[in-house]
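Remarks on the structure that follows.
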Amino acid sequence: MHVEGLSINLATIREQCGFARAVDICLTHGITAIAPWRDQIAAIGLKEAERIVKANGLKLTGLCRGGFFPAADAAGRQQAIDDNKRAVDEAATLGADCLVLVVGGLPGASRDIDTARQMVADGIAATLPHARAAGVPLAIEPLHPMYAGDRSCVNTLGQALDICEQLGDGVGVAIDVYHVWWDPDLANQVARAGRMNRILAHHICDWLVPTRDMLTDRGMMGDGVIDLKGIRRMIESAGFLGAQEVEIFSAENWWKRPPEEVIATCVERYQSCCQA
1 MHVEGLSINL
11 ATIREQCGFA
21 RAVDICLTHG
31 ITAIAPWRDQ
41 IAAIGLKEAE
51 RIVKANGLKL
61 TGLCRGGFFP
71 AADAAGRQQA
81 IDDNKRAVDE
91 AATLGADCLV
101 LVVGGLPGAS
111 RDIDTARQMV
121 ADGIAATLPH
131 ARAAGVPLAI
141 EPLHPMYAGD
151 RSCVNTLGQA
161 LDICEQLGDG
171 VGVAIDVYHV
181 WWDPDLANQV
191 ARAGRMNRIL
201 AHHICDWLVP
211 TRDMLTDRGM
221 MGDGVIDLKG
231 IRRMIESAGF
241 LGAQEVEIFS
251 AENWWKRPPE
261 EVIATCVERY
271 QSCCQA
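Its first residue numbered 1, the sequence shown is counted upward by one per residue in full-length UniProt numbering.
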């Protein structure tokens, strides 16, 4: 059995298992596309991770993550750029489709979000020549506004696309439904992304009502209020036909369940809730 069009972001079972076991579970359920995190790769070693990827013919729909460009001083900003270049090299070694960028929030005690956003654009610009040379597209992932202070000062798809227009080839967007579903301009911006040919990834989960934790209470597809099929139709109409990548942070639910159960549920919900 092969499940076409589904990728598993390995954060979905990060608390239960490491990279090698996560890959085995995905393969058992017919999934050959994954998106690992850098700490998961570091734990097993880049060479061993590369071996596992190649031996199993895995497709990496992305590597998570780069970003966090704003810093209180020039040395901090350069340190972030250097780390992003290392992340590019890791993505290239693993053959990832893109390096996902969670761009960072306000540095230190700053209240100047405009300057933080400029630091993001400058940091991506400084990383971009290295990424182009390595053949690794950079995927800006706009995050929900509740993360503007600490995780991402780029909060709408429109803002992310503005940076793409400013910087040119080699940078696009990762569209995560958890972060953009609320945006009244979403349809227009997805269509714009399609015209620009900048959609690099599509992440899925669901928004629970109520949400008990800002970071670690994402829902399994079908358990919340996001119009997953509608957003997928937008994305496909914009020309992106790549995999839907399940990315769930769930400290009190899915991270406590057997990983085999989690992945089996991802397959079932993808087939019942996410197909446009």
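Ideal Cβ placement from N, Cα and C applies to all residues, glycine included. None of the values given here were measured: they were computed from a predicted structure.
query	result
Minimum C-alpha distance to R218 - residue among W255, A201, A243, R233	W255
C-beta contact flag for C273 and M234 at 8 angstroms	no
Buried/exposed call for Q271, threshold 16 Cβ in 10 Å	exposed
Test: T211 CB closer than 8 angstroms to a CB of chain D	Absent from the structure is chain D; it holds one protein chain and no more.
Residue closest to L106, alpha-carbon to alpha-carbon, out of Y147, D82, E50, I8	Y147
Nearest residue (CA-CA) to K54, options A43, V23, V100, R38	V23
Expected contact under 8 angstroms - CB spacing of V267 and T12 to nearest Å	That pair is no contact at about 12 angstroms.
Local Cβ density within 10 Å of N155, reported as buried at 16 or more and exposed below that	buried
Whether L63 touches A87 by CB criterion (8 angstroms)	yes
Which listed residue (A20, E15, L27) has its alpha carbon closest to that of S7	L27
One or two residues paired with V102 in a DSSP bridge	G67
Span of the beta strand (DSSP E), counted from its first residue to its last, around L138	138 to 140
Coil, strand or helix - N9 by DSSP	strand
Those residues which DSSP pairs with G222 across a bridge	The partner list for G222 (beta bridge, DSSP) is empty, contrary to what the question assumes.
Bridge partner(s) assigned by DSSP for D83	In the DSSP output, where bridge partners are listed per residue, D83 has none listed.
Completely contained beta strand (DSSP E) runs for the stretch 105 to 176, where each covers 3 or more residues	138 to 140, 171 to 176
Span separating the alpha-carbon of R151 from that of I31	30 angstroms
Length of the line joining the Cα atoms of R232 and T61	16 angstroms
For I175, the nearest candidate out of V102, G57, N84, A20 (CA to CA)	V102
Residue span of the alpha helix (DSSP H) that contains Q244, given as start and end	Run containing Q244: none in the alpha helix (DSSP H); it sits in the beta strand (DSSP E), 244 to 246.
Buried versus exposed call for P259 [16 or more other C-beta atoms within 10 Å across all chains shown]	buried
Sequence-distant residues of the same chain with beta carbon closer than 6 angstroms to R198, five excluded per side	C164, G172, V173
Selection from G170, E141, R111, M196 that minimises the alpha carbon distance to R132	G170
Opening and closing residue of the beta strand (DSSP E) in which L200 lies	199 to 204
Spatial neighbours of F19 in its chain, beta-carbon cut-off 8 angstroms, leaving aside the 5 residues before and after	L10, P36, Q40, I41, A43, I44, A49, I52
Under the three-state DSSP convention, the category A33 falls into	strand
Inter-stretch contact at 8 angstroms, needing at least 3 Cβ pairs: the stretch 183 to 191 / the stretch 202 to 215	no
Unbroken alpha helix (DSSP H) run spanning M234, endpoints	228 to 237
Residue from V262, A33, K85, A243 with nearest C-alpha to P137	K85
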